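Read top to bottom, the protein sequences are chains A and B. Take the first sequence: its letters are residues 1 to 184, numbered as in my numbering. Take the second sequence: its letters are residues 185 to 368, numbered as in my numbering. Even for Gly, the Cβ is constructed at its ideal location relative to N, Cα and C. Given the structure is predicted, the values throughout are model-derived calculations rather than measurements. Here the structure is laid out as structure tokens; the discussion comes afterwards.
Number of protein chains: 2
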Amino acid sequence: MRPALDLDHIVGRALHLLDLYGLASVTMRSLADDLGIRPSALYWHVENKQTLLAAVADRIVALAKPADGVAATTRSLREALLAQRDGAEVVLSSAALGLGGSAVVERLRAALTEAGADDADTGANVLAQFVLGHASLVQQRIQAAQLGAFDADPDAVARDFAAEFDAGIAALTRGLNVASAAAR
Amino acid sequence: MRPALDLDHIVGRALHLLDLYGLASVTMRSLADDLGIRPSALYWHVENKQTLLAAVADRIVALAKPADGVAATTRSLREALLAQRDGAEVVLSSAALGLGGSAVVERLRAALTEAGADDADTGANVLAQFVLGHASLVQQRIQAAQLGAFDADPDAVARDFAAEFDAGIAALTRGLNVASAAAR
DNA sequence: ACCTGAACACCGTTCAAGT
DNA sequence: ACCTGAACACCGTTCAAGT
Chain A
1 MRPALDLDHI
11 VGRALHLLDL
21 YGLASVTMRS
31 LADDLGIRPS
41 ALYWHVENKQ
51 TLLAAVADRI
61 VALAKPADGV
71 AATTRSLREA
81 LLAQRDGAEV
91 VLSSAALGLG
101 GSAVVERLRA
111 ALTEAGADDA
121 DTGANVLAQF
131 VLGHASLVQQ
141 RIQAAQLGAF
151 DADPDAVARD
161 FAAEFDAGIA
171 ALTRGLNVAS
181 AAAR
Chain B
185 MRPALDLDHI
195 VGRALHLLDL
205 YGLASVTMRS
215 LADDLGIRPS
225 ALYWHVENKQ
235 TLLAAVADRI
245 VALAKPADGV
255 AATTRSLREA
265 LLAQRDGAEV
275 VLSSAALGLG
285 GSAVVERLRA
295 ALTEAGADDA
305 DTGANVLAQF
315 VLGHASLVQQ
325 RIQAAQLGAF
335 DADPDAVARD
345 FAAEFDAGIA
355 ALTRGLNVAS
365 AAAR
């Protein structure tokens, strides 16, 4: 007799499949297989695939290490998105479904208010838009590079992207009137 | 006897379907239906769905009105992405497949070099990341609002997003050392 | 309460064959 | 050169029925 199948476990397995095989391979059918049930049984625990992926997205963001200051928080979020295969895409796609309260925006708003920013709401949204756009593009490009091997060495690519990110964050935090938040 | 079916026409019909019904409804089967052929015939003209969507993405960006200056170019790109249903998502998803040369980045680089920016390459990437992230989130949220009707009036929402965008662009152009590019 | 079985209405893609 | 027919290997989701 298998112990009861709870949502946390389901989300954990979905995240595991995501990391191993990528978003395209996270299907209700393969997830059910992994859990040892039929696909239709998943719908007892979960409304549909979209909300399941939103829960996965929340978990990815929750895994971001706590950090002090706006720039560090932003970098920590970036790392969390890039740490999971297709993480940025999953979080970006689900961000709008939270209807105004995505986890990424929440974290940034908290960091901004603590830093005494002028308009924490606007600032959090702008930073979230940059972080998610940046991470999505970077992640796709890195994964393409890993497959194609068409480019220079991946480490150099990663360094260039990190420099772009720092430049963007530095410009944004300065421009959004966050006194203490020069990059690095 | 139907005139020969060329790629431009196929891309145009795909764009039309995208605008009418959204990305989820742009399938090889429904596109073939629209064109009056069988799905398998599409593969004579196009390698696969991914490259077809990349061509659609290029078309969306090509529809952006030419503009003078960095800030205006960025705004024009934003408008083009938001003008088509799911436009931001399509362009963002396809951006990495161009392997370093997406149309969005090209436009921005041109504007930046003309403005005499310090590092046009980095700047173009950073701006592209922000524009695509912003437009993706805004577009999803707007479309959710249109369905759900859960929020305040959509015009006010759109105005708020535009203000966020301007704030982001102002901060970035200043921070990226583009002399002439204060917002507006 | 939780799961199975069976079905519905779809997908993208390949490939031999037709014209 | 361009297209059809038929198939392959899938999808998400619903819902009656089982335990």
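Whole-angstrom distance between residue j and residue i, CA atom to CA atom
i: residue 90 of chain A; j: residue 273 of chain B; result: 12 Å
i: residue 66 of chain A; j: residue 73 of chain A; result: 7 Å
i: residue 261 of chain B; j: residue 323 of chain B; result: 14 Å
i: residue 354 of chain B; j: residue 80 of chain A; result: 28 Å
i: residue 182 of chain A; j: residue 159 of chain A; result: Residue confidence is low: residue 182 of chain A scores 43 on pLDDT, short of 50, so the model does not pin down where it sits. No coordinate-derived value is stated.
i: residue 24 of chain A; j: residue 164 of chain A; result: 28 Å
i: residue 39 of chain A; j: residue 50 of chain A; result: 15 Å
i: residue 248 of chain B; j: residue 259 of chain B; result: 9 Å
i: residue 203 of chain B; j: residue 114 of chain A; result: 42 Å
i: residue 7 of chain A; j: residue 93 of chain A; result: 20 Å
i: residue 214 of chain B; j: residue 9 of chain A; result: 38 Å
i: residue 325 of chain B; j: residue 47 of chain A; result: 21 Å
i: residue 220 of chain B; j: residue 279 of chain B; result: 30 Å
i: residue 28 of chain A; j: residue 175 of chain A; result: 44 Å
i: residue 147 of chain A; j: residue 173 of chain A; result: 35 Å
i: residue 188 of chain B; j: residue 60 of chain A; result: 49 Å
i: residue 116 of chain A; j: residue 68 of chain A; result: 13 Å
i: residue 188 of chain A; j: residue 351 of chain B; result: Shown here, chain A extends from 1 to 184; a query on residue 188 of chain A therefore has no answer.
i: residue 156 of chain A; j: residue 177 of chain A; result: 32 Å
i: residue 34 of chain A; j: residue 306 of chain B; result: 43 Å
i: residue 179 of chain A; j: residue 236 of chain B; result: Because the pLDDT of residue 179 of chain A is 44, which lies under 50, any placement of that residue in the model is unreliable, and the number read from its coordinates should be weighed accordingly. Those two C-alpha atoms are separated by around 46 Å.
i: residue 268 of chain B; j: residue 228 of chain B; result: 27 Å
i: residue 368 of chain B; j: residue 143 of chain A; result: Because residue 368 of chain B carries a pLDDT of 36, less than 50, the predicted location of this residue cannot be relied on, and the following value inherits that uncertainty. Whole-angstrom Cα-Cα distance: 37 Å.
Contact check, residue i vs residue j, beta carbons under 7 Å
i: residue 199 of chain B; j: residue 240 of chain B; result: yes
i: residue 287 of chain B; j: residue 242 of chain B; result: yes
i: residue 292 of chain B; j: residue 311 of chain B; result: yes
i: residue 289 of chain B; j: residue 308 of chain B; result: yes
i: residue 22 of chain A; j: residue 86 of chain A; result: yes
i: residue 54 of chain A; j: residue 42 of chain A; result: no
i: residue 254 of chain B; j: residue 201 of chain B; result: no
i: residue 338 of chain B; j: residue 346 of chain B; result: no
(request) May I ask you to list, following chain order, the residues of the stretch 42-72 of chain A that have a beta carbon less than 8 Å from some beta carbon of chain B? (result) When CB distances to chain B are screened at a threshold of 8 Å, not a single residue of the stretch 42-72 of chain A falls below it.
(message) Quick check: the stretch 310-322 of chain B against the stretch 116-133 of chain A, are at least 3 beta-carbon pairs closer than 8 Å?
(response) yes
(message) Using a Cβ-Cβ cutoff of 7 Å, what residues of the stretch 205-228 of chain B are near chain A? List them in chain order.
(response) Residues passing the 7 Å Cβ filter: none.
(message) Tell me which residues of the stretch 289-309 of chain B have at least one Cβ-Cβ distance to chain A shorter than 7 Å, keeping chain order.
(response) 306 and 309
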